[in-house]
Amino acid sequence: MLTILLSVTTFMFFREYEEADQKAHKDAESATKASQQLREAVTEMEKLRKIIGVSDQAKLTEVEEAHREDMKNFATTVPDESKFYRPALEFLANTLKEKTAEIIVAREAIQREQDERKTVEAAKQTQVDEAQANAQKAEADLAAAKKAFDDERKQILEDQNDLKRQLAEKNDAMTELTEKSKKEIDEKVAENKKLDMANKYLNEKNLELDPTTGFEVPDGKIVWVDQKTRSAYINVGQADGLHRQTLFSVVAGDEDVGGDHQRTKGRIEVVELLGPHFAEARITEDRLTDPMVEGDKIFTPLWHPGRSEGFAIIGGIDLDNDGSDDREMVKDLIHMSGGTVDAEDAPDGKQLGKITQNTRYIIQGQAPDDSNVLGKAYTKLQKDALQVGVRLISVPKFLDQVGWKNQKQTLVFGRWHTAVSRYRRATSAVSSACVVRPAIAVWAAASRATPTPVRCRAKARMASRGWPSGRISRVAAR
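Taking my numbering, the leading residue of the sequence shown gets 4, the next gets one more, and so forth.
(1) Exposed or buried, residue 123, counting other C-beta atoms within 10 Å across all chains shown (16 or more means buried)?
(2) Does DSSP put residue 15 in a helix, in a strand, or in coil?
(3) Give me the residue from 386, 396 and 294 with the minimum Cα distance to residue 231.
(4) Does the distance from the CB of residue 305 to the CB of residue 405 come in under 8 angstroms?
(5) Beta-carbon within less than 6 angstroms of residue 240's beta-carbon, same chain only, minus the 5 sequence neighbours each way: which residues are those?
(6) Please state if the CB of residue 349 and the CB of residue 357 are separated by a distance shorter than 8 angstroms.
(7) Under DSSP, the beta strand (DSSP E) around residue 396 begins and ends at which residues?
(8) Just to confirm, is the Cβ distance from residue 247 to residue 273 under 8 angstroms?
(9) So, with DSSP's three-state summary, where would you put residue 270?
(10) Excluding five sequence neighbours on each side, which residues of the same chain lie with their C-beta closer than 8 angstroms to the C-beta of residue 310?
(11) Name, in chain order, the residues that DSSP records as bridge partners for residue 251.
(12) Given a cut-off of 8 angstroms, decide if residue 226 and residue 238 are closer than it, judged by their beta-carbon atoms.
(13) With the cut-off set at 8 angstroms, would you say residue 389 and residue 317 are in Cβ contact?
(14) Would you tell me roughly how many angstroms separate the C-alpha atoms of residue 298 and residue 335, rounded to the nearest one?
(15) Among residues of its own chain, excluding the 5 on either side of residue 330, which ones have a beta-carbon nearer than 7 angstroms to its beta-carbon?
(16) Thinking C-alpha only, which one of 196, 135, 251 and 126 is nearest residue 222?
(17) Spatial neighbours of residue 6 within its chain, please: C-beta separation below 7 angstroms, excluding the five flanking residues on both sides.
(18) Between which two residues does the alpha helix (DSSP H) holding residue 63 run?
(19) Looking only at its own chain, which residues have a Cβ that is under 8 angstroms from the Cβ of residue 201, when we skip the five neighbours before and after it?
(20) Cβ of residue 265 within 8 angstroms of Cβ of residue 253?
(21) Count the other C-beta atoms from every protein chain shown that fall within 10 angstroms of the C-beta of residue 381, then say buried if there are 16 or more, exposed otherwise.
(22) Please return the same chain residues whose Cβ sits closer than 7 angstroms to the Cβ of residue 341, not counting the five positions on each side in sequence.
(23) In whole angstroms, give me the CA-to-CA distance for residue 121 and residue 127.
(24) Is the separation between the beta-carbon of residue 112 and that of residue 95 shorter than 8 angstroms?
(25) How would you call residue 152, buried or exposed, if buried means at least 16 neighbouring beta carbons within 10 angstroms?
(26) Measure how close the beta-carbons of residue 302 and residue 260 come, nearest whole angstrom, since I'm counting them as under 8 angstroms.
(27) Per DSSP, residue 348 forms a beta bridge with which residues?
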């Protein structure tokens, strides 16, 4: 019994041992496999550390901190979702390729500019060489011209001596002729004095009968002066029949206009018509001691508001003492202001046109020397003028009262004259479009006129010069 019991017990313990041994064997294999996997994981981690570039002994927290610092320092432009080593490297590599391509393009552009610069410099050198060659040629031409000038000057001096001799001979002949004709000249002087007295008497009577036909009636007045731009604004315009380039003499507001005693203080020329009774003129002459001011009178015998004037011209007219006849210039002055030339004496002594009832003035120039031929028309027109009461006016007095001045004898200092001329040319080409500033709108309302391109430019200039709206309104009202 005991033997059976021991056998059973032994069998049971053996079986348990066998099962435990199999289990131990399996656990050993699992442990070996886990140990192998652990070693492989450790190896992979070491490789990853090397790839990442951290120490073999670095911990995960250190690796993560290194990753954050790398992304912060080297991948600031990388999107947040790509801030891992491989995506970041791809992004940076692509960016580097793009920048490299841009650098290549920029280098090519720089190279092209350098090539173009070399081409330009080569062309400049060619031009410099040509300029030097031209300069040398010019020096040679100058030397040749100087020699020719010296030869010509020598010949001119010889000719001058001959002319002086001839002039002396002609002076002797002229003296003899003058003595012979002295009696005739005295008779003509006496006749002219009588005609002057008759003309003066007729003019006085004409003024008594109709003062508005004389020079004593001003044609308008100055309503504003802008010395900065040398401009004056007057109270006559389109509705009065005014024309551009009309010249006026300027007289103080408390003095009379016209006549032999007119005291002219300046001259103006109309440059733009700004409204029915408003125009801009440039100041062509004035006095520093007596400048133009608001209220000064303007006058010209060439024009009168609402009507055109008729003229007759007799005698020789030499405005600049150059020996040539300047009658056409006087006629141009008359035509520019809307006047007409009704009659004149021709150079051959014939009369062109005739004096009519509409002829207001006869401009009397230098009497011709030959009274038999050239003086025929001169004398006839003078007599006709006296008969119908046309006023005689000398050329100097006429020019003074129309505001004309010989520009050849005028020297303008300073830069304003050139600047104003450029400004006139610039503004004359402005289109019909016009932007009216607030102050200009007040002016337009006061003048009750539709702003034309010319008026808009004038109002724009007044506003840009700092004119207050009240001043613009008062000027327009005049």
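We treat Cβ as the ideally placed atom computed from N, Cα and C, and that holds for glycine.
Just so it is clear, the structure is predicted and the values come from calculations on it, not from any experiment.
So, from the listed chains and residues:
(1) Counting from one through the sequence shown, the residue named residue 123 turns up at place 120. With fewer than 16 other Cβ atoms within 10 Å, it is exposed.
(2) In the sequence shown, residue 15 corresponds to position 12, counting from 1. Residue 15: helix per DSSP, three-state reduction.
(3) Counting from one through the sequence shown, the residue named residue 231 turns up at place 228. With distances taken between Cα atoms, residue 231 lies closest to 294.
(4) Along the sequence shown, read from residue 1 onward, the residue named residue 305 stands at position 302. Along the sequence shown, read from residue 1 onward, the residue named residue 405 stands at position 402. Contact: yes.
(5) Along the sequence shown, read from residue 1 onward, the residue named residue 240 stands at position 237. Closer than 6 angstroms at the Cβ level, and outside the excluded window around residue 240, lie 276, 278, 279, 280, 281 and 282.
(6) Walking along the sequence shown from the start, residue 357 turns up at place 354. Walking along the sequence shown from the start, residue 349 turns up at place 346. Result no, Cβ atoms of residue 357 and residue 349 do not sit closer than 8 angstroms.
(7) Residue mapping note: residue 396 aligns to position 393 of the sequence shown, counting from 1. 394-397 is the span of the beta strand (DSSP E), which, as asked, contains residue 396.
(8) Here residue 247 refers to the residue found at position 244 when the sequence shown is read from its first residue. Here residue 273 refers to the residue found at position 270 when the sequence shown is read from its first residue. Contact flag set, yes.
(9) By 1-based counting over the sequence shown, the position of residue 270 is 267. Looking at residue 270 - three-state DSSP - the assignment turns out to be strand.
(10) Working through the sequence shown from its first residue, we reach residue 310 at position 307. Closer than 8 angstroms at the Cβ level, and outside the excluded window around residue 310, lie 244.
(11) As a first step, residue 251 is located in the sequence shown; it is residue number 248 there, counting from the start. According to DSSP, residue 251 bridges with 271.
(12) By one-based count along the sequence shown, residue 238 stands at place 235. By one-based count along the sequence shown, residue 226 stands at place 223. For residue 238 and residue 226, yes; Cβs fall inside 8 angstroms.
(13) Working through the sequence shown from its first residue, we reach residue 389 at position 386. Working through the sequence shown from its first residue, we reach residue 317 at position 314. The answer is no: Cβ separation not under 8 angstroms.
(14) Your numbering for residue 298 matches position 295 in the sequence shown. Your numbering for residue 335 matches position 332 in the sequence shown. If I take the Cα positions, the gap works out to 29 angstroms.
(15) Along the sequence shown, one-based indexing puts residue 330 at 327. If we look at residue 330 and ignore the five residues flanking it on each side, its Cβ neighbours are 316 and 320.
(16) Residue mapping note: residue 222 aligns to position 219 of the sequence shown, counting from 1. Here the closest residue by C-alpha is 251.
(17) Residue numbering aside, residue 6 sits at position 3 when the sequence shown is read from its first letter. Excluding sequence neighbours, residue 6 sits near nothing in its chain.
(18) Position 60 of the sequence shown holds residue 63. Where residue 63 is concerned, the enclosing alpha helix (DSSP H) stretches over 63-77.
(19) Looking up residue 201 in the sequence shown gives position 198. Excluding positions up to five away in sequence, the list reads 389.
(20) Walking along the sequence shown from the start, residue 265 turns up at place 262. Walking along the sequence shown from the start, residue 253 turns up at place 250. Result no, Cβ atoms of residue 265 and residue 253 do not sit closer than 8 angstroms.
(21) Taking the sequence shown and counting its residues from 1, the one referred to as residue 381 is at position 378. Classification for residue 381: buried.
(22) Along the sequence shown, one-based indexing puts residue 341 at 338. Excluding residues within five positions, the ones whose Cβ falls inside 7 angstroms are 244, 246, 306 and 311.
(23) Walking along the sequence shown from the start, residue 121 turns up at place 118. Walking along the sequence shown from the start, residue 127 turns up at place 124. Cα to Cα, residue 121 sits roughly 10 angstroms from residue 127.
(24) Locating residue 112 in the sequence shown gives position 109, where the first residue counts as 1. Locating residue 95 in the sequence shown gives position 92, where the first residue counts as 1. No, they are not a contact pair.
(25) Within the sequence shown, the letter at position 149 stands for residue 152. Residue 152 is exposed by the Cβ-count criterion.
(26) The sequence position of residue 302 within the sequence shown is 299, counting from 1. The sequence position of residue 260 within the sequence shown is 257, counting from 1. About 4 angstroms; that satisfies the 8 angstroms criterion.
(27) Taking the first residue of the sequence shown as position 1, residue 348 is located at position 345. Note: residue 348 sits in a beta bridge opposite 354.
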